[in-house]
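One structure is given below, encoded as structure tokens.
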Amino acid sequence: MTGEVLLSAKGLDAGYNGQAIVSGVDLDLRAGEMIGVFGANGAGKTTTVLTLAGSQRAVAGELTLLGAAHPGSLYKAARSGLALLTDDRSIFAPLSVRDNLRLGRGGVEAALQIFPELREHVDRRAGLLSGGQQQMLSVGRILAARPRVILADELSLGLAPLIVKRLLAALRAAADDGAAVLIVEQHVPVALAMVDTAVVLARGTVALSAPAAELRDDPHAISDLYLASA
Numbered sequence: 000m001t002g003e004v005l006l007s008a009k010g011l012d013a014g015y016n017g018q019a020i021v022s023g024v025d026l027d028l029r030a031g032e033m034i035g036v037f038g039a040n041g042a043g044k045t046t047t048v049l050t051l052a053g054s055q056r057a058v059a060g061e062l063t064l065l066g067a068a069h070p071g072s073l074y075k076a077a078r079s080g081l082a083l084l085t086d087d088r089s090i091f092a093p094l095s096v097r098d099n100l101r102l103g104r105g106g107v108e109a110a111l112q113i114f115p116e117l118r119e120h121v122d123r124r125a126g127l128l129s130g131g132q133q134q135m136l137s138v139g140r141i142l143a144a145r146p147r148v149i150l151a152d153e154l155s156l157g158l159a160p161l162i163v164k165r166l167l168a169a170l171r172a173a174a175d176d177g178a179a180v181l182i183v184e185q186h187v188p189v190a191l192a193m194v195d196t197a198v199v200l201a202r203g204t205v206a207l208s209a210p211a212a213e214l215r216d217d218p219h220a221i222s223d224l225y226l227a228s229a
């Protein structure tokens with residue numbers, strides 16, 4: 000069940016050097032909710048996520064985080080309880096899994112409860128893990144700290160479908176536990192099974208925003224928008 004709005008965008012224009020490549024985005028991300036953002040390459044998905052996180056300055060519009068004006072800085076947003084997950088597997092390769100987890104705010108055991116698959120590898124160098132295991136390590140370290148807002152930008156890029164499902168299930172569990180979660184994902188059917196709301200970006204604008212349940216039996220509704228924006 001969804002609750003209060005934790006992250007909100009009103010009339011958001013996002014881009015670079017003052018030039019918007021995404022315009023007019025309206026979005027409310029609520030506690031307990033998981034939103035999926037979809038779109039073709041170049042649709043502006045990553046730009047939108049980075050702007051919501053505070054890593055990229057908004058060109059125009061209004062952003063709020065936890066009921067107050069967005070600090071406009073990823074560092075400050077993170078201090079407020081926002082977490083940004085990316086596809087680059089943010090690990091410390093020379094360190095062990097255990098030491099990587101110690102660097103997180105949530106601790107080792109909390110992370111291993113989220114991804115027990117890592118337990119047998121806790122004393123192994125993180126750089127020797129598979130790509131999927133490395134992403135579990137990165138995601139688990141962050142989720143263990145129980146952030147209030149989670150933005151995930153294609154964290155499953157290049158991973159096997161079973162790993163994708165595992166990662167998205169962990170994010171779904173975080174939402175069910177009260178976090179507000181937004182994911183950008185190319186695995187549309189898998190993501191639709193997890194999210195509450197689907198948003199499609201096409202040609203720099205929101206082309207569709209609908210309950211995911213309405214789209215699960217009609218996958219062409221999203222793929223047609225992909226083709227239209229290409």
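Its first residue numbered 0, the sequence shown is counted upward by one per residue in numbering that gives the first Met the number 0. The beta carbon of each residue, even a glycine, is placed where N, CA and C say it ideally should be.
- With fewer than 16 other CB atoms across the displayed protein chains lying within 10 angstroms of its CB, phenylalanine 91 is exposed.
- With a threshold of 16 other beta carbon atoms within 10 Å, histidine 69 meets it and is buried.
- Taking a 10 Å sphere around the C-beta of arginine 104, we find fewer than 16 other C-beta atoms and assign the residue as exposed.
- Note on geometry: alpha-carbon atoms of leucine 214 and alanine 151 lie some 21 Å from one another.
- Close CB contacts of serine 22 within its chain, under the 7 Å cut and outside five residues either way in sequence, are with Asp12, Gly203, Thr204 (chain order).
- At a Cβ-Cβ threshold of 9 Å, methionine 135 and methionine 33 do not count as neighbours.
- Taking every protein chain shown into account, the CB of arginine 78 has fewer than 16 other CB atoms within 10 angstroms, so this residue is exposed.
- When Val187, Ala144, Leu200 are compared, the shortest CA-CA separation from aspartate 217 is found for Val187.
- Three or more Cβ pairs drawn from the stretch 137 to 147 and the stretch 104 to 119 lie within less than 8 Å of each other, which places the two stretches in contact.
- For the options Ser222, Val36, Gln55, Asp27, the alpha carbon positioned closest to that of asparagine 16 is the one of Gln55.
- Of the other Cβ atoms in all chains shown, 16 or more fall within 10 Å of the Cβ of proline 146; this residue is therefore buried.
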